[in-house]
Amino acid sequence: MKQPDPLPWPDGCAGAVSLTFDDGHQSHLDCVVPLLAEFGLHATFYVNPRGDTEAEWRARLLPWRAVQAAGHEVGNHSLSHTCSRALRTDAEAGRPALEDWTLADVEADVVEAERRLQAVLPLPAGQRRSFCYPCYHEHVGEGPTRQSYVPVIARHFIAGRGLGEFPGNHPATCDLHYLWSWPVEMVSRDRIRQQVVEPRLPGAWVIITMHGIGSLRRHHTEADLRSLCTFLREQRQRLWVAPVATVARRVVAWRAQRKDGG
Ligand SMILES: [Zn+2]
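All residue numbers for the sequence shown refer to the working numbering, where the first residue is 1 and numbers rise by one.
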């Protein structure tokens, strides 16, 4: 009987990397997508299909159609981007927060976002998108009523991207519905390279989180992204770069193969 592969990554790669970009910034369309095309790399872009009318949300999603067609994943980042109220002060307390929400509220929000995404950016039959937890938060309620909404995400998505302990997920042990990711704002180029090549968990899948590209705080410069892409291209014999849903599908198939004993 054939031995199961020790790692799920293709072509003998020693690790996997997913580049993820949150919040549907215009700079993703204007700068990131063309830059990735230069390097032949594919990423995941997490968007919120907001809009009060159907015409509004359709118009918002339309530019992402070409992005998905080019081989990138356009992932679900919820409809309302609701986070914990602990991020705010008293002065802003009126706005809805996860502390006031139930699991049913979360489910309605992400299912409506998915309905809109599917309307404009349909996936092949049987394929599911990945989800990205707004502000990395995965709970509703607080104190005695606090509970995880990860099980809700597990019902509707192939994977969920959160925040993590290490910059990497081991394919045998990670929770696909709360994957660890690494926001690399303010992280030096050398440290990103080192962690990607030698993650704390050998063989890991490193998910890098970025927001806008530009000069604002929490934004990367185009030069930073170009440097990372150049590095990933140099490392292509050892690092497999693919969108989150693509890597998750491979992990699911590999786990099933291991269970069957090869
Ligand atoms: Zn966000």
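All C-beta atoms, glycine included, are put in the ideal place defined by N, C-alpha and C.
The alpha carbon of Gln235 has as its nearest neighbour, out of Cys13, Leu7, Asp5, Pro6, the alpha carbon of Cys13. Minimum Cα-Cα distance from Ala86 among the listed residues Glu99, Ser80, His77, Gly75 corresponds to Glu99. Judged by pairs of C-beta atoms under 8 Å, the region 179-197 touches the region 228-247, as three or more such pairs exist. At the C-beta level, Met186 and Phe21 stay beyond 8 Å of one another. For Asp22, the uninterrupted beta strand (DSSP E) segment begins and ends at 15-22.
Using a C-beta cut-off of 8 Å, the region 17-31 makes contact with the region 197-214, since at least three inter-stretch Cβ pairs fall below that distance. The region 124-134 makes no contact with the region 57-69; the number of CB pairs closer than 8 Å stays below 3.
Contact between Gly203 and Leu7 holds: CB atoms are separated by about 5 Å, below the 8 Å threshold. C-alpha of Glu142 to C-alpha of Ser148: approximately 10 Å in a straight line. Each of Ala172, Asp90, Arg50 was checked against the Cα of Val252, and the nearest Cα belongs to Ala172. Every unbroken stretch of the alpha helix (DSSP H) spanning 4 or more residues and falling wholly within the region 170-222 is given here in chain order: 189-197. The alpha helix (DSSP H) runs of length 4 or more contained entirely in the region 99-181 are, from start to end of the chain, 103-120, 150-156. The alpha-carbon of Leu79 is positioned some 17 Å away from that of Arg155.
Residue list for ligand 1: Asp22, Asp23, His77, His81, Pro134 (CB closer than 6 Å to any heavy atom, chain order).
Here Leu7 carries a coil assignment [DSSP, helix/strand/coil].
The bridge partners DSSP lists for Val47 are Asn76. Distance from the Cα of His42 is smallest, within the candidate group Trp254, Ile208, Gln257, Gly94, for Ile208.
In this chain, Leu87 is not harboured by any beta strand (DSSP E), its DSSP state being neither H nor E.
Around the C-beta of Pro34, fewer than 16 other C-beta atoms lie within 10 Å, and the residue is accordingly described as exposed.
In the DSSP annotation of this structure, the continuous segment of the beta strand (DSSP E) that includes Leu239 starts and ends at 239-241.
In the DSSP assignment, Arg58 falls within the unbroken alpha helix (DSSP H) covering 54-61.
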